[in-house]
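Chains as they are written, first to last, in the numbering used here: chain V, 1 to 300; chain D, 301 to 666. Don't be surprised by glycine CBs; every beta carbon is placed ideally from N, CA and C. Predicted model only: the values in this text are computed from it and were never measured. Working notes, structure below.
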């Protein structure tokens with residue numbers, strides 16, 4: 001026979017056990033819920049953090065006030081855009097930037113594609129070394145590249161600034177085009193080349209009918225990155241421009257220092273719009289091809 | 301005249317000899333299977349014939365012409381790749397037409413030839429599809445049509461069915477054979493899958509460590525393997541390693557294994573009496589209830605008592621594992637027809653097989 005105390009003890013033990021076994025089930029679930037909320041919150045805050053400057057810039061660009069008032073604007077107008085297009089200084093910078101970006105993109109895409117092709121033919125060890133070498137501008141601070149180039153170009157007298165800018169931009173955009181082309185090339189299986197060779201096409205014909213068409217997406221993606229990088233660069237351009245030839249980002253930074261008005265915001269909005277249009281057009285072109293059966297060897 | 305002649309071909313990769321002194325001839329219209337485990341040199345042989353690898357020694361002739369120095373695109377060899385290697389950015393019709401374009405076909409003749417090839421592989425009407433819109437079996441047929449469209453001297457098939465699932469494989473195997481026969485293509489099938497090799501080939505060549513071990517019809521390969529490697533590689537088999545032999549009479553010898561099993565088989569052809577490796581195909585083993593009247597157990601028959609360990613019914617076949625005294629296991633395959641009289645694990649049975657069904661190989665002392 002158990003005493004009352006013993007029975008009570010047994011009862012308590014039983015209850016505690018029941019509690020202990022029930023509690024983890026609940027708290028486990030609660031932890032999951034809390035985690036889900038936390039993750040969602042982090043994502044939301046990050047998105048807000050990334051988008052907030054863009055939203056502010058876009059709204060401020062349409063500010064109707066004559067002075068720089070606090071955010072948000074009380075009245076809207078397109079006056080800053082009007083001033084933007086009348087501002088010869090910014091307009092000149094934009095023209096240089098656009099010309100520079102187009103030239104850089106074309107050259108970087110071409111050279112990058114050829115370099116990537118050569119790299120893909122190398123032995124694995126050499127391939128690693130050469131790839132690292134070509135991609136090093138990605139990790140090298142722009143200040144160092146810019147300063148180095150400045151010193152280097154000083155050896156040549158009266159080199160046009162545009163040419164210097166072009167060379168500098170080529171160095172920083174090549175990593176993107178090489179990288180993206182390599183990714184594209186990696187998706188082409190060796191048997192495709194061999195199949196084409198066995199069907200009577202020589203190396204050159206295989207390149208133009210198989211390799212190039214299947215790498216096109218990679219090259220185009222690299223070109224987009226190159227264009228965006230060139231349009232955006234300040235650091236290197238700072239070292240290589242002169243008072244006559246300067247890029248849009250440089251013009252904007254100068255403007256901020258001298259007279260701070262919202263023309264800069266309008267210019268930023270114009271840049272964003274240009275980039276968006278470019279992305280949409282390219283996605284249409286590439287996306288269309290994918291729908292037609294492109295890149296199947298990558299899916300498989 | 302032989303369509304293909306390899307003479308004493310040797311190919312080394314660094315210190316590894318992939319193919320050694322290999323000679324091979326192939327008559328027109330024949331299908332030859334190159335069968336062997338991975339690393340046996342069969343793929344290297346295929347690459348040498350196609351022109352993707354140059355032999356270090358020896359000569360390669362296609363249709364009487366020495367092609368040793370020719371690039372892949374300078375020899376007319378059709379290739380069917382394991383992964384099909386269809387060009388993903390081209391339609392089915394463009395894929396099939398690709399080879400004709402570069403083999404100098406008249407542009408006007410191409411569309412009708414494409415149509416003809418596609419109807420040959422039963423894909424008429426699929427001209428405008430892209431490869432990723434086709435099933436695996438359809439892709440394979442496009443690849444075959446593409447390889448055959450240039451009317452190649454030799455067609456090389458690299459593991460043609462291995463990427464397909466079991467059911468489709470059987471269907472396509474029959475179809476593939478029919479198509480190859482209908483166009484009279486001289487074909488080499490390279491595979492590690494014995495079913496593929498035995499079913500597709502008029503003849504089978506077994507390769508091992510860069511050399512040809514045996515060449516023969518599928519039946520010859522299976523029923524009279526040239527050596528232990530072939531016997532073990534092709535089909536299923538039960539092996540007994542005998543260390544000494546006992547009495548011998550009228551061409552039959554009784555062999556003793558270390559586990560205490562006695563097997564009667566034909567005397568070793570070399571007359572060596574020290575022992576042998578013995579092989580019994582599972583389908584030659586009959587199982588009877590041990591209570592049944594004693595079967596003949598003379599010099600030409602084997603009869604062993606054992607216990608059924610496992611019975612697996614695999615559709616057409618039933619695989620029965622019997623354990624003999626001394627933990628020796630025996631696989632017997634029975635057809636799954638009629639009544640399989642109560643074979644169940646734990647049952648005592650007698651395993652019967654004729655001494656003439658036992659393959660005898662000299663002990664390999666290497």
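State the CB to CB distance for the pair residue i and residue j, rounded to an integer number of angstroms; the pair is presumed to be in contact (CB under 8 Å).
i: residue 445 of chain D; j: residue 396 of chain D; result: 5 Å
i: residue 630 of chain D; j: residue 644 of chain D; result: Residue 630 of chain D to residue 644 of chain D, Cβ: 16 Å. No contact.
i: residue 331 of chain D; j: residue 480 of chain D; result: 6 Å
i: residue 472 of chain D; j: residue 437 of chain D; result: 6 Å
i: residue 302 of chain D; j: residue 326 of chain D; result: 6 Å
i: residue 513 of chain D; j: residue 527 of chain D; result: 6 Å
i: residue 282 of chain V; j: residue 220 of chain V; result: 6 Å
i: residue 588 of chain D; j: residue 649 of chain D; result: 6 Å
i: residue 609 of chain D; j: residue 622 of chain D; result: 7 Å
i: residue 638 of chain D; j: residue 624 of chain D; result: Not confirmed; about 26 Å, so no contact.
i: residue 440 of chain D; j: residue 420 of chain D; result: Contact flag wrong, Cβ pair sits at about 14 Å.
i: residue 176 of chain V; j: residue 253 of chain V; result: With a Cβ gap of about 23 Å, residue 176 of chain V and residue 253 of chain V do not count as contacting.
Starting from residue i, trace the beta strand (DSSP E) both ways and give me its first and last residue.
i: residue 319 of chain D; result: 316–326
i: residue 169 of chain V; result: Where residue 169 of chain V is concerned, there is no enclosing beta strand (DSSP E), although the alpha helix (DSSP H) it sits in stretches over 161–186.
i: residue 512 of chain D; result: 511–516
i: residue 310 of chain D; result: 304–313
i: residue 77 of chain V; result: No beta strand (DSSP E) contains residue 77 of chain V, which DSSP labels as neither H nor E.
i: residue 660 of chain D; result: 659–662
For residue i versus residue j, is the C-beta distance shorter than 7 Å?
i: residue 236 of chain V; j: residue 142 of chain V; result: yes
i: residue 500 of chain D; j: residue 518 of chain D; result: no
i: residue 388 of chain D; j: residue 198 of chain V; result: no
i: residue 579 of chain D; j: residue 531 of chain D; result: yes
i: residue 452 of chain D; j: residue 376 of chain D; result: yes
i: residue 324 of chain D; j: residue 335 of chain D; result: no
i: residue 269 of chain V; j: residue 58 of chain V; result: yes
i: residue 447 of chain D; j: residue 379 of chain D; result: yes
i: residue 267 of chain V; j: residue 90 of chain V; result: yes
i: residue 568 of chain D; j: residue 660 of chain D; result: yes
i: residue 116 of chain V; j: residue 182 of chain V; result: yes
i: residue 329 of chain D; j: residue 486 of chain D; result: yes
i: residue 227 of chain V; j: residue 105 of chain V; result: yes
i: residue 341 of chain D; j: residue 319 of chain D; result: yes
i: residue 431 of chain D; j: residue 468 of chain D; result: no
i: residue 653 of chain D; j: residue 584 of chain D; result: yes
i: residue 147 of chain V; j: residue 49 of chain V; result: no
i: residue 311 of chain D; j: residue 356 of chain D; result: yes
i: residue 210 of chain V; j: residue 112 of chain V; result: no
i: residue 559 of chain D; j: residue 484 of chain D; result: no
i: residue 575 of chain D; j: residue 663 of chain D; result: yes
i: residue 62 of chain V; j: residue 103 of chain V; result: no
i: residue 185 of chain V; j: residue 120 of chain V; result: yes
i: residue 581 of chain D; j: residue 537 of chain D; result: yes
i: residue 636 of chain D; j: residue 618 of chain D; result: yes
According to DSSP, what are the bridge partners of residue i?
i: residue 491 of chain D; result: D:335
i: residue 603 of chain D; result: D:652
i: residue 544 of chain D; result: D:556
i: residue 539 of chain D; result: D:579
i: residue 196 of chain V; result: Answer by DSSP bridge pairing: none, since residue 196 of chain V is not bridged.
i: residue 624 of chain D; result: D:628
i: residue 507 of chain D; result: D:512
i: residue 361 of chain D; result: D:305 and D:366
i: residue 563 of chain D; result: D:555
i: residue 633 of chain D; result: D:619
What are the boundary residues of the alpha helix (DSSP H) that residue i is part of?
i: residue 394 of chain D; result: 392–402
i: residue 459 of chain D; result: First-last for residue 459 of chain D: undefined, no H or E at that position.
i: residue 206 of chain V; result: 203–206
i: residue 587 of chain D; result: Not the alpha helix (DSSP H): residue 587 of chain D falls in the beta strand (DSSP E), residues 586–589.
i: residue 528 of chain D; result: 528–533
i: residue 218 of chain V; result: 212–232
i: residue 95 of chain V; result: 88–121
i: residue 375 of chain D; result: Element bounds for residue 375 of chain D: n/a, residue is neither H nor E.
i: residue 440 of chain D; result: 436–449
i: residue 140 of chain V; result: Element bounds for residue 140 of chain V: n/a, residue is neither H nor E.
i: residue 475 of chain D; result: 466–483
Does the region 184–200 of chain V come close enough to the region 356–368 of chain D to have 3 or more Cβ pairs within less than 8 Å?
-> no
Does the region 132–151 of chain V come close enough to the region 202–220 of chain V that 3 or more CB-CB pairs lie under 8 Å?
-> no
Counting Cβ pairs closer than 8 Å, one from the region 151–166 of chain V and one from the region 86–101 of chain V, do we hit at least three?
-> Three or more beta-carbon pairs drawn from the region 151–166 of chain V and the region 86–101 of chain V are found closer than 8 Å, and the two stretches are therefore classed as touching.
Please determine if the region 167–187 of chain V and the region 252–262 of chain V are in contact, where contact requires at least 3 C-beta pairs separated by less than 8 Å.
-> no
Could you tell me whether the region 342–354 of chain D touches the region 415–425 of chain D, using the rule of 3 or more Cβ pairs below 8 Å?
-> no
Just checking, does the region 247–254 of chain V make contact with the region 218–233 of chain V on the three C-beta pairs under 8 Å criterion?
-> Pairwise C-beta distances place the region 247–254 of chain V in contact with the region 218–233 of chain V, as three or more of them are shorter than 8 Å.
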